[in-house]
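Asker:
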Amino acid sequence: DWTMASYKDDAIAKIRAQVGDKRVICGLSGGVDSSVAAVLIHEAIGDQLTCVFVDHGLMRLNEADEVVSMFRDNYNIPLIHADEADLFIGALEGVSDPEVKRKTIGKLFIDVFQREANKIEGAEFLAQGTLYPDVIESVSFSGGPSVTIKSHHNVGGLPEKMGLKLVEPLRELFKDEVRALGRELGLPEKFIGRHPFPGPGLAIRCPGEITREKLDILRKADAVYIDQIRKHGLYDEIWQAFVAILPVKTVGVMGDGRTYDYACALRAVTSVDGMTADYYPFSHDFLGETATRIINEVKGINRVTYDITSKPPGTIEWE
Ligand code: XMP
200 DWTMASYKDD AIAKIRAQVG DKRVICGLSG GVDSSVAAVL IHEAIGDQLT CVFVDHGLMR
260 LNEADEVVSM FRDNYNIPLI HADEADLFIG ALEGVSDPEV KRKTIGKLFI DVFQREANKI
320 EGAEFLAQGT LYPDVIESVS FSGGPSVTIK SHHNVGGLPE KMGLKLVEPL RELFKDEVRA
380 LGRELGLPEK FIGRHPFPGP GLAIRCPGEI TREKLDILRK ADAVYIDQIR KHGLYDEIWQ
440 AFVAILPVKT VGVMGDGRTY DYACALRAVT SVDGMTADYY PFSHDFLGET ATRIINEVKG
500 INRVTYDITS KPPGTIEWE
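Here it is, written out as structure tokens:
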């Protein structure tokens, strides 16, 4: 796409002009936006960029390793991997209120990010994958009604606090344009087309108390579910799909034995912007086959339900 190719060259020139020979820090979440921003900035200024990946231990199966190997090994981008699973999961012990979870994670995230960023000597800029809709949203929110449904996880206010100037090379782009730019930069298609994933990660897909055991079960069930969706060619038709592990154990029967394990809920929605959503109309065959696979392949789950709530009145995530 010639437009994106020239947009890319333009963006690179602008980054070089803004940053000069100074150092830039970029927070990587593993999502599309921050990844595209990082690769673009790296093309512009090379090793003047250091990425910081705050790993809260709430990522999906193998996801943290994939982020590290893609950026460090594949793109050769200097990357600090702050593996802080113990810190986050420790702080979440005994917490079941959704807002307390979000705030605990958000606060720790900023602490860890700041600690790591302070180690990068001479950094003057902080790069963010802010998109055009984020710019609009923050404007309209500030004048709108102050009803907080969920406190969102972001690093707003951090640049001023740290005395850093912002680099936001995606500020003029919509999501589909960011994906096109990502392709232009050679990011793998499978990565670019990924469903959105919330900042607080699996914590908000584990209603009630979070334990390592539950997170482990959830990761495995989610991987089977997504594998099913990909195998049936449905991934790109769906805005977002995931499993939530429920804070309840129920009785089942397997072979000659009684089981007493967790129930889980499958979620899949279509949406244009995440503001409203409809549940995805899977076939009964698909649902039956997926339930069987999860129960057979994931120790710890013996019951599978499908969430048929649209947004509103539901939200996409469970917390
Ligand atoms: P809800 O659950 O509010 O989610 O219907 C709408 C969209 O936003 C995502 N989401 C988040 N994204 N930080 C994020 O970056 C968050 O704290 C957060 N909470 C929800 C959610 O996955 C869905 O795509």
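Going by the UniProt record's numbering, the first residue of the sequence shown is number 200, and it counts up by one from there. Ideal Cβ placement from N, Cα and C applies to all residues, glycine included.
Buried or exposed: residue 350, going by 16 or more other Cβ atoms within 10 Å of its Cβ?
Answerer: Along the sequence shown, read from residue 1 onward, the residue named residue 350 stands at position 151. With fewer than 16 other Cβ atoms within 10 Å, it is exposed.
Asker: Going by Cα to Cα distance, which pick from 218, 515, 237 and 418 is closest to residue 384?
Answerer: For this step, residue 384 is matched to residue 185 along the sequence shown. For residue 384, the nearest C-alpha among the options comes from 237.
Asker: From this set, 249, 450, 389 and 306, which residue's C-alpha is nearest residue 287's C-alpha?
Answerer: Here residue 287 is taken as the residue at index 88 of the sequence shown, counted from 1. Of the candidates 249, 450, 389 and 306, the one whose C-alpha sits nearest the C-alpha of residue 287 is 306.
Asker: Suppose the cutoff is 6 Å on Cβ atoms and the five residues either side in sequence are ignored; what does the same chain contact list for residue 273 look like?
Answerer: As a working mapping, residue 273 is identified with position 74 in the sequence shown. Excluding sequence neighbours, residue 273 sits near nothing in its chain.
Asker: Taking 7 Å as the cut-off, does the CB of residue 439 come closer than this to any heavy atom belonging to the ligand XMP?
Answerer: Taking the sequence shown and counting its residues from 1, one reaches residue 439 at position 240. Answer for residue 439: yes, Cβ within range of the ligand XMP.
Asker: Tell me, to the nearest whole angstrom, how far the beta carbon of residue 462 is from that of residue 486; I am working on the premise that it is less than 8 Å.
Answerer: Here residue 462 is taken as the residue at index 263 of the sequence shown, counted from 1. Here residue 486 is taken as the residue at index 287 of the sequence shown, counted from 1. That pair is no contact at about 15 Å.
Asker: Hey, how far is the Cα of residue 511 from the Cα of residue 476?
Answerer: The residue you call residue 511 lines up with position 312 of the sequence shown. The residue you call residue 476 lines up with position 277 of the sequence shown. C-alpha separation (whole angstroms): 7 Å.
Asker: Following a CB-centred definition, is residue 280 positioned closer than 7 Å to any heavy atom of the ligand XMP?
Answerer: One-based indexing of the sequence shown puts residue 280 at position 81. Checking every heavy atom of the ligand XMP against the Cβ of residue 280, none is found closer than 7 Å.
Asker: Out of 500, 474, 415 and 453, which one is the CA nearest neighbour of residue 284?
Answerer: In the sequence shown, residue 284 corresponds to position 85, counting from 1. That would be 415, whose Cα lies nearest to the Cα of residue 284.
Asker: Note down the Cα distance separating residue 301 from residue 399, rounded to an integer number of angstroms.
Answerer: For the purposes of this step, residue 301 is taken as the residue at position 102 of the sequence shown. For the purposes of this step, residue 399 is taken as the residue at position 200 of the sequence shown. One C-alpha to the other measures close to 6 Å.
Asker: When DSSP builds the beta bridges, which residues end up paired with residue 327?
Answerer: The residue labelled residue 327 in the question sits at position 128 within the sequence shown. Bridge partners of residue 327: none, in fact.
Asker: For a test of the three-state rule: what should DSSP assign to residue 317, helix, strand or coil?
Answerer: In the sequence shown, counting from the first residue as 1, residue 317 sits at position 118. Looking at residue 317 - three-state DSSP - the assignment turns out to be helix.
Asker: Residue 358 and residue 369 - do their beta-carbons sit closer together than 8 Å?
Answerer: The residue given as residue 369 occupies position 170 in the sequence shown. The residue given as residue 358 occupies position 159 in the sequence shown. No, the pair does not count as a contact, with Cβ atoms beyond the cut-off.
Asker: Given this structure, state the Cα-to-Cα distance separating residue 189 from residue 405, to the nearest angstrom.
Answerer: For residue 189 there is no data in the structure shown, the boundaries of the chain being 200 and 518.
Asker: Measuring only the C-alpha atoms, how far is residue 266 from residue 455?
Answerer: By one-based count along the sequence shown, residue 266 stands at place 67. By one-based count along the sequence shown, residue 455 stands at place 256. The alpha-carbon atoms of residue 266 and residue 455 are separated by roughly 43 Å.
Asker: To the nearest whole angstrom, what separates the beta carbons of residue 478 and residue 471, a pair I think is in contact under 8 Å?
Answerer: Here residue 478 refers to the residue found at position 279 when the sequence shown is read from its first residue. Here residue 471 refers to the residue found at position 272 when the sequence shown is read from its first residue. The pair is not a contact, with the Cβ atoms about 15 Å apart (cut-off 8 Å).
Asker: Across which residues does DSSP place residue 462 in a beta bridge pair?
Answerer: In the sequence shown, the residue the question calls residue 462 occupies position 263. Paired residues: 502.
Asker: Please determine, among 501, 494, 473 and 226, the residue with the shortest C-alpha to C-alpha distance to residue 450.
Answerer: Looking up residue 450 in the sequence shown gives position 251. Of the listed residues, the one whose Cα sits closest to residue 450 is 501.
Asker: For residue 478, which residues does DSSP report across the bridge?
Answerer: One-based indexing of the sequence shown puts residue 478 at position 279. Residue 478 is bridged to 468.
Asker: Rounded to whole angstroms, what's the CA-CA distance from residue 268 to residue 278? Just pull it up for me.
Answerer: Counting from 1 along the sequence shown, the entry for residue 268 is found at position 69. Counting from 1 along the sequence shown, the entry for residue 278 is found at position 79. Answer to the nearest angstrom: the Cα atoms are 10 Å apart.
Asker: Taking all protein chains shown into account, do 16 or more other C-beta atoms lie within 10 angstroms of the C-beta of residue 515, making it buried, or fewer, making it exposed?
Answerer: On the sequence shown, residue 515 is found 316 positions in, with the first residue counted as 1. With 16 or more other Cβ atoms within 10 Å, it is buried.
Asker: What do you reckon, are the CB atoms on residue 243 and residue 214 nearer than 8 Å?
Answerer: Position 44 of the sequence shown holds residue 243. Position 15 of the sequence shown holds residue 214. Contact: yes.
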